[in-house]
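Some notes on the structure that comes next.
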Amino acid sequence: MQESQERLAQLQAVKEQRKKGEIDIIPYYKALLGILADTVQNLRDEDINEQDAKTQIPLILLFLDEQISKLSGRGG
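977 is the number of the first residue of the sequence shown in the numbering used here; add one for each residue after it.
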């Protein structure tokens, strides 16, 4: 199974667990972070071309700016 398919299956499973009320919000949040961490590693290992990298950079910057700001606001 490709990494992307595995990450998608994990995401769908955890979303379904949350939808069914099987997990609370904090475990859901942490499960999403785990999937994100795995995805980041997959992206680091990926052989990406320059054009694809250029299109991904704004999205990554937006995400990082927002999350770092929110983390700072929570005292982290």
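We treat Cβ as the ideally placed atom computed from N, Cα and C, and that holds for glycine.
When the five nearest sequence neighbours on each side are left out, the beta carbons in the same chain lying within less than 8 Å of the beta carbon of Tyr1004 are those of Val990, Gln993 and Arg994, in order along the chain. Pairing Glu1022 with Leu1012, the inter-Cα distance amounts to about 15 Å. Where Asp1028 is concerned, the enclosing alpha helix (DSSP H) starts and stops at Glu1026 to Gly1049.
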